[in-house]
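Reminder that position 32 of the sequence shown reads as 770 in the working numbering, one-by-one numbering, no gaps. From the three backbone atoms N, C-alpha and C, an ideal C-beta is built for every residue, glycine too. To keep things clear, I will list the structure first and then write my remarks on it.
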Amino acid sequence: MRYNADFTGEKYRDIARVMGVKVEGMSLEEARNAAVEAVFALNRDVGIPPHLRDVGVRKEDIPALAQAALDDVCTGWQTRAKQRLRIL
């Protein structure tokens, strides 16, 4: 989410709002950050591990995972240019 935040317009403000964040008076950047934090908090609350290493991914696996992310058809909608080094 952080990777795409600068390219989402008002969408993250809407996400923050529906997740219970009071976004009135927040700048767009603040609302985007609040949305990201709200999703991370939800992940913590339901037990989703925050790091790949927490689910057994080894450092040497990361380049292949980054390439798979770039090749995934689900990332075709991205408004931000996909960059392998940014993913790594």
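When burial is assigned at 16 or more other CB atoms within 10 Å of the CB, is residue i buried or exposed?
i, result
"V811", "exposed"
"A802", "exposed"
What number of angstroms, rounded off, separates the C-alpha of residue i from the C-alpha of residue j?
i, j, result
"R755", "K749", "10 Å"
"D799", "Y741", "21 Å"
"P788", "E767", "22 Å"
"R796", "L790", "8 Å"
"L808", "G747", "23 Å"
"M739", "A804", "16 Å"
"V759", "I753", "9 Å"
Rounded C-beta distance between residue i and residue j? I'm assuming under 8 Å.
i, j, result
"R751", "A779", "Contact doesn't hold; Cβ gap of about 17 Å is too wide."
"A772", "V761", "6 Å"
Go ahead and pull the three-state DSSP assignment for residue i.
i, result
"K781", "The question names Lys, but residue 781 in the sequence shown is Asn. Helix at N781."
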